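Have a look at the structure below before the remarks.
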Amino acid sequence: MVLNRILWEQSVTSISTSPTDASLIKRCRAGDRTAFSGWFDSRRGDLKAQVHQRLYGRMLRRVDASDVVQELFLDADQRLPELQQSELPLDGWLRILLKQKLVDLQRRHIHAAKRSVRRERPMDCPGSNGEHPKDGLAADVSSPSMHLQRIESRDQVQRVLANMAEVDREVLVLRHFQNLSNAEVAAALCISSNAASNRYVRALMHFRQQLAVTSTVG
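Right, here's the structure in full:
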């Protein structure tokens, strides 16, 4: 996470304001969309590199950095009038928009994963090793010795996850359904690795408690 932040800050320095940019930037800040398009195009390569540095795992495989940058351009172009009332430098303003867009992408990725929790069919959410994610989560909790026990526990695991608090379910879905590492979860949730680890431990503890309750009731 620290290395990723350093790389992010280093890449930011490449979006710099040279003396030759001064006139162009002035036109951008005045709302000149033609000037903004030219200024933005000169920075597409740097922006794509930043997208690659900020996205992890399946997100990076599913998302085309060029598409993200193009969406950023369309969003920034639409919001260009905001610059006239902003004290932020143009590159800083664009950097904020990019970070917001990446967070939105990561959130949508998380929500898509959480929808898979509610699906019934075993093949809907396969793990990287072919094992159903619910089997893996159940194994983490109860370590059943027989595969049949894991299969029978799927519905119970699904019910527990569906009833958990959003903050707990989110981190469990990322770890067990998306197979993300702790560092990747931290990046997706925009928190530190330590915070992601603590959140996961608490979520797993809550999951175990709720699973024990449903097992007793059942």
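Residue numbers (the numbering used here): 33 to 250.
Note that CB positions come from ideal geometry on N, CA and C, so glycine has one too.
Just so you know, these numbers come straight off a predicted model, no measurement behind them.
>> Taking the alpha-carbon of Q241 as reference, which of D200, A227, S225 has the nearest alpha-carbon?
In response: D200
>> At the level of alpha carbons, what is the spacing between L106 and Q188?
In response: 45 Å
>> On the CB-based measure, 16 or more other CB atoms within 10 Å of its CB, does H141 come out buried or exposed?
In response: buried
>> Taking a contact to mean a Cβ-Cβ separation below 8 Å, would you say N214 touches S224 in this structure?
In response: no
> How should E114 be labelled, buried or exposed, when 16 other C-beta atoms within 10 angstroms of its C-beta is the threshold for buried?
Replying inline: exposed
>> Can you list, in chain order, the residues of its chain with a C-beta nearer than 6 Å to that of R76? Leave out the 5 residues immediately preceding and following it.
In response: V101
> Would you call V233 buried or exposed, if buried means 16 or more other Cβ atoms sit within 10 Å of its Cβ?
Replying inline: exposed
> So L126 packs on A97, CB below 8 Å; how close in whole Å?
Replying inline: The Cβ separation is near 15 Å, so there is no contact.
> Hey, A244 and V203: beta-carbon distance below 8 Å or not?
Replying inline: no
>> Taking the beta carbon of L134 as the centre, do at least 16 other beta carbons fall within 10 Å, making it buried, or is it exposed?
In response: buried
> Where does P121 sit, in a helix, a strand or coil, going by DSSP?
Replying inline: coil
> Where do the ends of the alpha helix (DSSP H) carrying S69 lie?
Replying inline: 65-73
>> Once DSSP output is grouped into helix, strand and coil, what is the label at A197?
In response: coil
>> My output table needs one value for R94: the three-state DSSP class, helix, strand or coil.
In response: helix
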